[in-house]
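Engineer:
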Amino acid sequence: MRTRLLAATLTAFAAVSLAACSSSGSGTTAAGSTASGTPTASTAATTPAAPAASTPATGDTAAATPGTPTTPAAGASDGPAPGASSPGAPDAPNTAAPSKPAPPADAGLPTKPGSDVTAKLVAALDAIDPAIVGGKPDQAVDRARTQCQSMYQFPKDRTKLVELANQRFTAPDHPQGFGDEKAGKILDALRATLCPPA
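Residue numbers (this note's numbering): 5 to 202.
#1: With a CB to CB cut of under 7 Å and the five nearest residues on each side skipped, what residues in its chain are close to L165?
#2: Are the CB atoms of G181 and N170 nearer to each other than 8 Å?
#3: In angstroms, rounded to a whole number, what distance separates the CA positions of T162 and E185?
#4: In the structure shown, what three-state DSSP assignment does A175 receive?
#5: Under 7 Å Cβ to Cβ from S46, same chain only, skipping five residues before and after it: list those, please.
#6: Please report the straight-line C-alpha distance between P117 and L198, rounded to a whole angstrom.
#7: How should A111 be labelled, buried or exposed, when 16 other C-beta atoms within 10 angstroms of its C-beta is the threshold for buried?
#8: Just curious, the alpha helix (DSSP H) that A186 is in, first and last residue?
#9: Here's a check: name, in chain order, each residue in its chain whose Cβ is nearer than 7 Å to the Cβ of G138, leaving out the five neighbours to either side.
#10: By Cβ distance, which residues of its chain are closer than 6 Å to R172, with the 5 residues on each side in sequence left out?
#11: Rounded to whole angstroms, how far is the Cβ of V126 from the Cβ of P141, which I believe are closer than 8 Å?
#12: Mind checking whether L129 and A144 have CB atoms under 8 Å apart?
#13: State the DSSP-derived secondary structure class of Q153, mapped to helix, strand or coil.
#14: Assign A193 to one of two classes, buried (16 or more other C-beta atoms within 10 Å of its C-beta) or exposed (fewer than that).
#15: Skipping 5 residues on each side, what residues in its chain have a beta carbon closer than 7 Å to that of T122?
#16: Once you ignore the five residues that flank D133 on each side, which residues in its own chain have a CB closer than 7 Å to its CB?
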């Protein structure tokens, strides 16, 4: 746009200058120069014609002008768009492992036994030490059911299970439990009567 405007201005200026020179009556010399000494041929030569092919039209980018480096469009980049995977690049492995569902809170807890299972349990505990039940079969059953749940949670940790049995099965004369030997027998009695098989 500027080139065209500049070319048109120079052409108009040259035309006005030529008209003024010719109307002033000053003759031209044989060499083709005016009386002022300005050669008319050079005046015409200094006025460039508007180039047709190399001048970009309004709104064209500078890439149409020879010798001008191209400018990428706004926001364009040489690399791939963010989030796009490169050709040939392997996809990133999914590192999130599937979560194992947590066991239910009552896992390993047996249902409240009927009278026949309760009688077998009380008889097995009385055979170890009558003070374990102490005339309170319902309390002994509740403790036994809770101990069964611990046996389900820690099936191979006998030391821990003996410790828990000594904490659960207490009596006024045995506040710290009945000792490791009897606690081990309690575990065997619960497996034989109440606790579900492992």
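Where is the CB? At the ideal position from N, CA and C, for every residue including glycine. All of these numbers come straight from a predicted model, not from anything done at the bench.
Structural biologist: Taking the definition as stated:
#1: To locate residue 165, count along the sequence shown from 1; it is residue 161. Around L165: S154, M155, F158 and L191.
#2: In the sequence shown, counting from the first residue as 1, residue 181 sits at position 177. In the sequence shown, counting from the first residue as 1, residue 170 sits at position 166. Taking 8 Å as the cut-off, the Cβ atoms of G181 and N170 count as close.
#3: Along the sequence shown, one-based indexing puts residue 162 at 158. Along the sequence shown, one-based indexing puts residue 185 at 181. Thr is not the amino acid found at residue 162; the sequence shown has Arg there. Going from the Cα of R162 to the Cα of E185 covers about 12 Å.
#4: The residue you call residue 175 lines up with position 171 of the sequence shown. Three-state result, A175: strand.
#5: The residue labelled residue 46 in the question sits at position 42 within the sequence shown. The pLDDT assigned to S46 is 43, lower than 50, so where the model puts this residue is not dependable; a value taken from the coordinates is nonetheless given after this. Same-chain partners within the cutoff: there are none.
#6: Locating residue 117 in the sequence shown gives position 113, where the first residue counts as 1. Locating residue 198 in the sequence shown gives position 194, where the first residue counts as 1. Cα to Cα, the separation comes out at about 8 Å.
#7: Residue mapping note: residue 111 aligns to position 107 of the sequence shown, counting from 1. When all chains shown are included, A111 counts as exposed.
#8: Taking the sequence shown and counting its residues from 1, the one referred to as residue 186 is at position 182. For clarity, residue 186 is Lys in the given sequence; the question names Ala instead. Here the alpha helix (DSSP H) through K186 covers G183 to T197.
#9: Position 134 of the sequence shown, counted from the first residue, corresponds to residue 138. Answer for G138: A175, listed in chain order.
#10: Within the sequence shown, residue 172 is the residue found at index 168, counting from 1. Taken in chain order, the residues that qualify are R147 and Q151.
#11: Position 122 of the sequence shown, counted from the start, is the residue given in the question as residue 126. Position 137 of the sequence shown, counted from the start, is the residue given in the question as residue 141. With 8 Å as the limit, V126 and P141 qualify as a contact, their Cβ atoms being about 5 Å apart.
#12: For the purposes of this step, residue 129 is identified with residue 125 of the sequence shown, where counting begins at 1. For the purposes of this step, residue 144 is identified with residue 140 of the sequence shown, where counting begins at 1. Against a cut-off of 8 Å, the Cβ pair of A144 and L129 comes out as a contact.
#13: In the sequence shown, the residue the question calls residue 153 occupies position 149. In the structure shown, Q153 sits in a helix (DSSP, three-state: H, G or I).
#14: Position 189 of the sequence shown holds residue 193. A193 should be labelled buried.
#15: Counting from 1 along the sequence shown, the entry for residue 122 is found at position 118. The answer, listed in chain order, is P141 and V145.
#16: Stepping through the sequence shown from its first residue, residue 133 is reached at position 129. The answer, listed in chain order, is F182 and K186.
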